[in-house]
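Just below is one structure, and these are the notes that go with it.
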Amino acid sequence: MNTQFVPTKRTRLKRLSKRASYERKIIYQILDEAFICHVGFLCDGQPVVIPTAYGRADDVLYIHGSVASRMLRALADGIPVCVTVTLVDGLVLARSAFHHSMNYRSIVVF
0 MNTQFVPTKR
10 TRLKRLSKRA
20 SYERKIIYQI
30 LDEAFICHVG
40 FLCDGQPVVI
50 PTAYGRADDV
60 LYIHGSVASR
70 MLRALADGIP
80 VCVTVTLVDG
90 LVLARSAFHH
100 SMNYRSIVVF
């Protein structure tokens, strides 16, 4: 198995690209540590983002939900979807709110 995912035009990070990683090990660590993902898709021409639980087995991401949910029905229809997972590792507080920041790790799956 390849140790890295191959970045595509769609998945290649453009801004601050030196912070990106396509290493399977790092991506799997983030997926295995978090509990909630956000699933983005179009429903009746409108963008929708649903937070939900998920699980991973190898390269398969299992999304929690009812078979009657509009999200899972839309996914079963094969529409494009985006799944994000974020872990906040710490807050970086400054004297001014304009300079506050966060240390975080995140992934985006298409």
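Here the sequence shown stands for residues 0 to 109, where the numbers follow numbering that gives the first Met the number 0.
Don't be surprised by glycine CBs; every beta carbon is placed ideally from N, CA and C.
* Output yes or no for whether 9 angstroms exceeds the beta carbon distance between F40 and V80. => Translated into the one-based positions of the sequence shown, residue 40 becomes position 41. Translated into the one-based positions of the sequence shown, residue 80 becomes position 81. Contact: yes.
* Who are the near neighbours of V87 in its chain, counting only those whose CB is closer than 8 angstroms to its CB and skipping five residues on each side? -> Reading the sequence shown from its first residue, position 88 is the one you call residue 87. Within the same chain, V87 has close Cβ partners M101, N102 and Y103.
* To do: In angstroms with no decimal places, state the Cα-to-Cα distance between T10 and V91.
  => Stepping through the sequence shown from its first residue, residue 10 is reached at position 11. Stepping through the sequence shown from its first residue, residue 91 is reached at position 92. The alpha-carbon atoms of T10 and V91 are separated by roughly 27 angstroms.
* Can you give the beta carbon distance from R55 to L30, rounded, assuming they're within the 8 angstroms contact cut? -> Numbered from its first residue, the sequence shown carries residue 55 at position 56. Numbered from its first residue, the sequence shown carries residue 30 at position 31. R55 to L30, Cβ: 5 angstroms. Contact.
* Could you pull out every residue in the same chain whose Cβ sits closer than 7 angstroms to the Cβ of A52, ignoring the five residues on either side in sequence? => Here the question's residue 52 lines up with position 53 in the sequence shown. F34, I35 and H63, listed in sequence order.
* **Alpha carbon of R23 to alpha carbon of V5, nearest angstrom** => As a first step, residue 23 is located in the sequence shown; it is residue number 24 there, counting from the start. As a first step, residue 5 is located in the sequence shown; it is residue number 6 there, counting from the start. Each residue's alpha carbon lies about 10 angstroms from the other.
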